[in-house]
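Residue numbers (the numbering used here): 4 to 151. Note that CB positions come from ideal geometry on N, CA and C, so glycine has one too. Source: prediction; values computed, not measured.
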Amino acid sequence: MSAKSEPRPAATIILLRDTMSGPEAFMLQRTRSAAFLPGAYVFPGGALDATDRDPRAARRVLGLSDERASAQLGLDSGGLAYWIAAARECFEEAGILIATNAAGEPVAPERAEALAPWRAPLNAGERAFAELLEAEDLYVPAPEIVYY
């Protein structure tokens, strides 16, 4: 008999694009050696961590306040952390950086590729996503991450 598990706050992001043949969704395949759902196809995402609630990260979100994010999610506070976690997890797991400059212009693909060395320390918990955003003067474009 398995132990009863408690749900953890988490964020999952579904990346979609329109093509001539219809919409496409981006998915990852978990490794066959993964303890949880080995080999499964999944959307990027995972549990919130303490760094997602970092005030430095919150200052690096465009177009959404914690108050509005929390209201959308039915929370008293802390809702903005879910948008931050979605962007962080997408970069950590898939190498896709959902970020803009201060003017709201997307990060060029070659610049995003040059930021790949941040992924391992982020995954290991050695660096915080807020550090990446600050060091590279980047922002999470919250209106581009739609809550469903």
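Spatial distance of residue i from residue j (CA atoms)
i: T15; j: D69; result: 18 Å
i: A53; j: I17; result: 23 Å
i: A111; j: D79; result: 36 Å
i: L83; j: A106; result: 20 Å
i: A13; j: M23; result: 33 Å
i: P10; j: L76; result: 16 Å
i: L19; j: D55; result: 23 Å
i: E139; j: G81; result: 24 Å
i: I87; j: A6; result: 30 Å
Residue i: first and last residue of the uninterrupted beta strand (DSSP E) it sits in
i: P10; result: Element bounds for P10: n/a, residue is neither H nor E.
i: D140; result: Taken as a continuous stretch (DSSP letters only), D140 belongs to no beta strand (DSSP E), as it is neither H nor E.
i: P109; result: Where P109 is concerned, there is no enclosing beta strand (DSSP E), given that its DSSP letter is neither H nor E.
i: P26; result: G25 to F29
i: A50; result: G48 to A50
i: L18; result: L18 to T22
Contact under 7 Å by Cβ, residue i with residue j
i: A90; j: I101; result: yes
i: R35; j: G25; result: no
i: E95; j: R122; result: yes
Enclosing alpha helix (DSSP H) for residue i [first to last residue]
i: E70; result: D69 to L76
i: N104; result: Run containing N104: none; DSSP gives neither H nor E here.
task = State whether the segment 45-53 contacts the segment 21-35, with contact taken as three or more CB pairs (one from each stretch) at a distance under 8 Å.
result = Three or more beta-carbon pairs separated by less than 8 Å link the segment 45-53 to the segment 21-35, which places the two stretches in contact.
query = Just checking, does the segment 133-151 make contact with the segment 64-78 on the three C-beta pairs under 8 Å criterion?
reply = Verdict: yes, contact present.
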